[in-house]
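As structure tokens, the structure follows; a few thoughts come after it.
Number of protein chains: 2
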Amino acid sequence: MNSNQEVIRRLSRYRNVMRKMKGLGLVKVFSDNLADAVGVSPSLVRKDFSMFNLTGNKRGGYRIDDLVTKLNTLLGKDKKQKIIIIGCGKLGQALMNHNGFPRVGIRVVAGFDSDPAVLNAEAPIPILHVKDIKEFIAENEIRVAALTVPEPAAQGMIDTLRKTCVKGVINFAPLTLKSSDDFLIHNMNIEQEIENLFYNIHFAESNPVENLVA
Amino acid sequence: MNSNQEVIRRLSRYRNVMRKMKGLGLVKVFSDNLADAVGVSPSLVRKDFSMFNLTGNKRGGYRIDDLVTKLNTLLGKDKKQKIIIIGCGKLGQALMNHNGFPRVGIRVVAGFDSDPAVLNAEAPIPILHVKDIKEFIAENEIRVAALTVPEPAAQGMIDTLRKTCVKGVINFAPLTLKSSDDFLIHNMNIEQEIENLFYNIHFAESNPVENLVA
DNA sequence: AATATATTGTGAAACAAGTAACTTTATAAT
DNA sequence: ATTATAAAGTTACTTGTTTCACAATATATT
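Line by line, the protein sequences give chains U and R.
Start counting the first sequence at 441; every next residue gets the next number (our numbering).
Start counting the second sequence at 441; every next residue gets the next number (our numbering).
Following this line, the structure appears as structure tokens:
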């Protein structure tokens, strides 16, 4: 029906905001409130909900409890979401210990690396050798991996993962890996985002073509 | 003129691909080649270039050297791009030592934290106390910061940064901070991307509304 | 109980982005 | 020199997304 990524991201954000509201003791919420909190228009909030049959009450707004529950089901948050980290350099290890994950029901079950120096099979979250990755993925039914290997190793690892039951990868290597219908790749290109910021800061107000020609 | 973020990200990608092509000894490139390499359509490549007056030769394609130079100017890559890292936990320290940055002309000039245990003013990239951040930003004319503080501290730090000459922030805290025209925030919400992957893997092929209602 | 009002839900309109197809022109071949 | 052709540059079309505006209706007020 709907393969729009942005809607789903917004649903996550509505959910997160409502969980905080709930923490504050709020019971119901209006499209207006959510719009302010998330930074979108009220009509978009209503449209998004309407697309997924998430209903409220005319004049009464949306019941937070109800909506969070429905969003949890919709987003698959009622199940534990297991991931592995491939590449245990600084960034990989930061992700392994990232305490934002447990809070939203994401569990890092293992790390993988090719450097014997960082391996540690006995750690709470074991760091294993990449040679064993296929077996581990199969045994533990891993569906999502975070890729934090050096750029030159990224494409090769994707080729390996494609032969496993992994179906989605979040890529931190500074190149844009191509997604497909049956194997999703979300690229987190930090360098690109920073370049983008600099571009917008320097040139956004003036005419960029002028800058180039002048 | 144009505030479409995606075009700019694509320009970065064209540039990165062309730099690699240049490394292979290639001299000219066609919209077709770039399209394949970046994963977009050839007409989009031509349109993107055309929007920024980046011209090639009919039948001769684009001269890589020429185009990379023009893209460097356009993207502001002819100047060193200085950033600071706010929050020197695991993720912040990983970014401080991230070797993808120097390769694309981004330089991390300092880290900031409130925990005395991690401070180190003498390190090659000093880690300073956040109380000194405003002064540092002013003296060093910092325009872009990476925010890797815990979620509860994020909004407060944004409020502080708004009073400085920082104009852009890349935010890693798991909440979506709101951008404005004069203060840009790009959110790198890792949790959200992972949730999104799980959603797409589990539900994309079936009808999500069914999943919810059933 | 009747009326007023606030808020949802939705179809139409407006907008933005990307694609496809056409026109132009530089290069290559004859 | 002439002709053919490949690729850029451009215009029009298509598609998808967001906003707008209003009808429907649940709650609150009198």
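Using N, Cα and C, we set each Cβ at its ideal position, and we do this for glycine too.
Remember, it's a predicted structure, so these values are computed and weren't measured experimentally.
Along the alpha helix (DSSP H) that carries residue i, what are the first and last residues, could you check?
i	result
LYS522 of chain U	From DSSP, LYS522 of chain U is part of no alpha helix (DSSP H) but of the beta strand (DSSP E) over 521–526.
ILE504 of chain R	504–515
VAL485 of chain R	482–491
GLY532 of chain R	530–536
PHE394 of chain U	Because residue 394 of chain U is not part of the residues shown, which for chain U are 441 to 654, the question remains open.
ARG543 of chain R	540–543
LEU601 of chain U	591–602
Below 8 Å on C-beta distance, what does residue i contact in chain U?
i	result
ILE641 of chain R	ARG583, VAL584, LYS607, GLY608, LEU624
For chain R, check one thing: does any of its Cβ atoms lie closer than 8 Å to the Cβ of residue i?
i	result
THR436 of chain U	Nothing about residue 436 of chain U can be read from this structure; chain U reaches only from 441 to 654.
PRO614 of chain U	yes
LYS618 of chain U	yes
ARG459 of chain U	no
LEU515 of chain U	yes
LEU484 of chain U	no
ASN560 of chain U	no
ASN497 of chain U	no
ASN456 of chain U	yes
Within a Cβ cutoff of 7 Å, which residues of the same chain sit near residue i, ignoring the five residues on either side of it in sequence?
i	result
GLU446 of chain R	none
VAL457 of chain R	LEU474, ALA477, VAL478
GLU591 of chain U	ALA613, PRO614, LEU615
MET461 of chain R	VAL469, ILE504
GLY545 of chain U	LYS517, LYS520, GLN521
GLY532 of chain R	ILE525, GLY551, THR588
LEU427 of chain R	The structure shown does not extend to residue 427 of chain R, since chain R spans only 441 to 654, so no value can be given for it.
GLY500 of chain U	LYS468
If we ignore side chains and look at the alpha-carbon of each, how far apart do residue i and residue j end up?
i	j	result
LYS487 of chain R	TYR502 of chain R	13 Å
PRO648 of chain R	ASN537 of chain R	Confidence at PRO648 of chain R is low in this model, with a pLDDT of 43, below 50, so its placement is unreliable and the value that follows should be read with caution. Roughly 42 Å separates the two Cα atoms.
LYS468 of chain U	ALA594 of chain R	26 Å
PRO542 of chain R	GLY516 of chain R	15 Å
TYR639 of chain U	LEU514 of chain R	8 Å
SER620 of chain U	GLY540 of chain R	26 Å
GLU581 of chain R	LEU464 of chain U	39 Å
MET628 of chain R	VAL584 of chain U	18 Å
ALA534 of chain R	ALA586 of chain U	15 Å
LYS519 of chain U	GLN521 of chain R	42 Å
PRO482 of chain R	LEU507 of chain R	16 Å
LEU559 of chain U	MET597 of chain U	18 Å
GLU562 of chain U	ALA550 of chain U	11 Å
ASP505 of chain R	ARG459 of chain R	9 Å
ARG449 of chain U	GLU635 of chain R	8 Å
ASP599 of chain U	SER554 of chain R	42 Å
ASP622 of chain R	LEU466 of chain R	40 Å
ARG602 of chain U	TYR454 of chain U	33 Å
ASN444 of chain R	ALA557 of chain U	45 Å
ARG547 of chain U	ILE523 of chain R	31 Å
Along chain U, which residues have their Cβ under 7 Å away from the Cβ of residue i?
i	result
ALA534 of chain R	LYS530, LEU531, ALA534
LEU637 of chain R	VAL584, GLY608, ILE610, LEU624, HIS626
Quick one: list the residues of chain R neighbouring residue i, beta-carbon separation under 9 Å, in chain order.
i	result
ILE634 of chain U	GLN521, ILE523, PHE541, VAL544, ILE546, VAL584, ALA586, GLY608, ILE610, HIS626
ARG453 of chain U	LEU615, THR616, ASN629, GLN632
ASN473 of chain U	Per Cβ cutoff of 9 Å: no residues; ASN473 of chain U is ~15 Å from chain R at best.
Between which two residues does the beta strand (DSSP E) harbouring residue i extend?
i	result
VAL478 of chain R	From DSSP, VAL478 of chain R is part of no beta strand (DSSP E) but of the alpha helix (DSSP H) over 471–478.
GLY465 of chain R	That residue, GLY465 of chain R, is in no beta strand (DSSP E); it is neither H nor E in DSSP.
ALA561 of chain R	Where ALA561 of chain R is concerned, there is no enclosing beta strand (DSSP E), given that its DSSP letter is neither H nor E.
GLY608 of chain R	608–611
LEU568 of chain R	567–569
PHE623 of chain R	PHE623 of chain R -> no beta strand (DSSP E), and no H or E assigned at all.
ILE573 of chain R	Taken as a continuous stretch (DSSP letters only), ILE573 of chain R belongs to no beta strand (DSSP E), being part of the alpha helix (DSSP H) at 573–580.
ASP553 of chain U	546–553
LEU587 of chain U	584–587
Which residues in chain R sit within 7 Å of residue i, going by Cβ to Cβ distance?
i	result
ASN537 of chain U	LYS530
ILE448 of chain U	ASN636, TYR639
I'd like the list of long-range same chain contacts for residue i, defined as Cβ closer than 6 Å, with 5 residues on each side in sequence excluded.
i	result
VAL485 of chain R	SER471, LEU474, ALA475
GLY496 of chain U	TYR502
LYS574 of chain U	THR604
PHE552 of chain R	ILE526, LEU568, VAL570, ILE573
Cutting at 8 Å between CB atoms, please list the residues of its own chain near residue i, excluding the five before and the five after it.
i	result
ILE630 of chain U	PHE612, PRO614
LEU624 of chain R	LYS607, GLY608, VAL609
LEU451 of chain U	ASP488, PHE492, LEU511, LEU514, LEU515
PRO566 of chain R	ALA550, GLY551, ASN560
Nearest chain U C-beta to residue i closer than 8 Å, yes or no?
i	result
GLN595 of chain R	no
Check the Cβ of residue i against every Cβ in chain R and list those closer than 8 Å, keeping chain order.
i	result
VAL478 of chain U	THR616
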